[in-house]
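Chains as they are written, first to last, in this note's numbering: chain A, 1123 to 1342; chain B, -7 to 20; chain C, 9 to 310. Here's the structure, in structure tokens; my notes come after.
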Amino acid sequence: MEVEIKQAELVEQFVVLARSARGRAAAELITHATSHPSLFAFSELLSLPHILELQGTEHAGSLELLRLFAHGTWTEYKNNIHELPPLQPQQELKLKQLTVMTLAETAKVLQYDLLMQQLDVSNVRELEDLLINDCMYAGIVRGKLDQRRRCFEVQFAAGRDLRPGQLENMISTLATWLGNTENLLLTIQEKIKWADSMSDIDRKHKKEVEDKAEELRKSI
Amino acid sequence: EHSLLRQISSLVRRLPAIDSTKFQDDFL
Amino acid sequence: EEQVSIIREGLAELYENEEQWSKAAQMLSGIDLESGIRMLDDTYKLEKCVKISLLYLEDDDAINAETYIKKASFLVNNCKDEALNLQYKVCYARILDLKRKFLEAALRYYELSQLEKREVGGRRIDEDELQQALTAAVTCTILAAAGPQRSRVLATLYKDERCSKLKIYPILQKVYLERILRKPEVDAFSEELKPHQKALLPDNSTVLDRAMIEHNLLSASKLYTNISFEELGALLGIGPQKAEKIAARMISEDRMRGSIDQVEGVIHFENDIEELQQWDQQIVSICQALNDVLDSMVKKGM
């Protein structure tokens, strides 16, 4: 949420600029957006007509780059490097940060080996510096580093732009939550009823015992 | 509303809240 | 005795003009303030004690300065002179700073920075001076030993709006958020420090080094479940044995929770709370996030 609040103003600024930018200006805007240290959201830009118009032009590569930053990872960039514009260092870093966000979506525990491979990092110190300075301190993920088990335990990861097909999964997850919550509430209600009835029985039993004891005292 | 969708996307991935062996033992 | 006092005061003034601070202080300290012959009021005695203390401070003589400020502390409660009272407080704060009792100094500097009256004893206190006191408070807090007490003072300072306007604010923010401080940031901070704040300690590290290493160690404990001494040393910019020693000291002083496995060469950082409590906190956080989403939806008219 904090990441979203921080970047909301930025997104707005870039969208306003993009509304009047065409062709080369739009391509340059994409470069600025994908280099900005505090921006991790690109769907708003991707949905703008002037940006989509870049398709099939000499600046189509910039549009593809924007799509990559919206949904893709560092590995995907390397696999399509010849079809995409070269990245500046800030863009490389951002794409790696976005890759960490994507990996954090898939698992709660991320092994160092996987991270090093996916981020093209050769040693643990470099990996941990990236995770600490560029991910955790940037607020896009929260978690704990475990050197013994060589893994990063994710506690929180900011959301990336939605990929096609992701919406159904999200709806399905929320439906499952809803179902589990309703079942749990029913179970709790049943337990409350059971506790109440046991309490009633107990109270009646106590009264019977007291009444019998009183009778005996009177007869004696 | 892309911003909302991103927030929800982050939210739905937050469960299970903890997934470590130690937690599983304590929880059990 | 009256004439001797006058002569001593005159000589002290001359020494002061020559910037021979300790000599001036010694001259004044020869005045018998406990004389049975002269009736001296507490204000006069307090004034002398504070003056002597301030003079010794000019020569960075914390021991003698403290002796006289302690004498002054018995007299200050009866003093109605606001200017003198203020001088006493400033002097005490500086002595604590010089003696490296940084947390106590920070609290006193902070109190001074919150002075409401801008005119004391006919003298105007301007914003710059208050800002200086606030900066001194922040500096001393950062240099203080890392731990729960310092965290409380950091929170107070961080939440004080005035601090956001200070040059030193970025480092305050990082220290409060328990983030690792890198060498360029430490070097920049170092330039703002006084000599005694960069003094060499018996183990050949400086006051600043020790404060930064301990802070970074505590920051690391928030990021790692466990870490090898090799890697910890690399993170802190020191050797693994030194990293182990400092970690062991902080754990034994209860300023950090953890345990050391010397066989494996690893430090395990313990969380302050149990797994299940952590789970509870995570659930609370998720519920909060859910509420935030719902609020956002309402704001957008959904």
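Just so you know, even glycine gets a beta-carbon here, dropped at the ideal spot from N, CA and C.
Check, Outcome
"Going straight from the alpha carbon of residue 220 of chain C to that of residue 1272 of chain A, what length do you get?", "27 Å"
"Compare the C-beta of residue 16 of chain B against all C-beta atoms of chain A and say whether one is closer than 8 Å.", "no"
"Skipping 5 residues on each side, what residues in its chain have a beta carbon closer than 7 Å to that of residue 1187 of chain A?", "1152, 1156, 1206, 1207"
"Would you identify the three-state DSSP class for residue 181 of chain C, choosing helix, strand or coil?", "helix"
"Return the CA-CA distance between residue 1266 of chain A and residue 58 of chain C, expressed in angstroms with no decimal places.", "52 Å"
"Determine the closest residue to residue 183 of chain C out of C/170, C/160, C/70, with distance taken between C-alpha atoms.", "C/160"
"Would residue 1329 of chain A pass as an interface residue toward chain B - the criterion being a Cβ-Cβ separation below 8 Å?", "no"
"Mapping DSSP to helix, strand and coil, what is residue 1172 of chain A?", "helix"
"Assuming contact is defined by CB atoms lying nearer than 8 Å, are residue 1263 of chain A and residue 239 of chain C in contact in what I supplied?", "no"
"Within the same chain, show all residues whose beta-carbon is closer than 7 Å to that of residue 1224 of chain A, passing over the 5 residues directly before and after it, in chain order.", "1195, 1282"
"If you reduce the DSSP assignment to three classes, tell me which class residue 276 of chain C lands in.", "strand"
"What is the DSSP secondary structure of residue 1232 of chain A, reduced to helix, strand or coil?", "strand"
"Mapping the DSSP letters down to three states, classify residue 1 of chain C as helix, strand or coil.", "Residue 1 of chain C lies beyond the stretch modelled for chain C, which goes from 9 to 310, so this question has no answer here."
"For residue 123 of chain C, which option in C/142, C/83, C/109, C/274 has the closest C-alpha, if you only look at C-alpha atoms?", "C/142"
"If you count every other CB in all the chains shown that lies within 10 Å of the CB of residue 1235 of chain A, and 16 or more means buried, which is it?", "exposed"
"Taking C-beta pairs closer than 8 Å, name the residues in chain A that residue 232 of chain C reaches, listed in chain order.", "1266, 1267, 1268, 1269"
"Expressed to the nearest angstrom, what Euclidean distance is found between the alpha-carbon atoms of residue 1327 of chain A and residue 1334 of chain A?", "11 Å"
"Please confirm whether residue 294 of chain C and residue 6 of chain B have their CB atoms less than 8 Å apart.", "yes"
"With 8 Å set as the bound, which would you pick, yes or no: does the beta-carbon of residue 1281 of chain A sit closer than that to a beta-carbon of chain B?", "yes"
"Step through the CB atoms of chain A and report whether any lies within less than 8 Å of the CB of residue -3 of chain B.", "yes"
"In the DSSP assignment, find the beta strand (DSSP E) that holds residue 1264 of chain A and state where it starts and stops.", "1263 to 1268"
"For residue 1339 of chain A, count the other beta carbons within 10 Å of its own beta carbon; 16 or more makes it buried, fewer makes it exposed. Which is it?", "exposed"
"Start and end of the alpha helix (DSSP H) containing residue 1305 of chain A?", "1288 to 1341"
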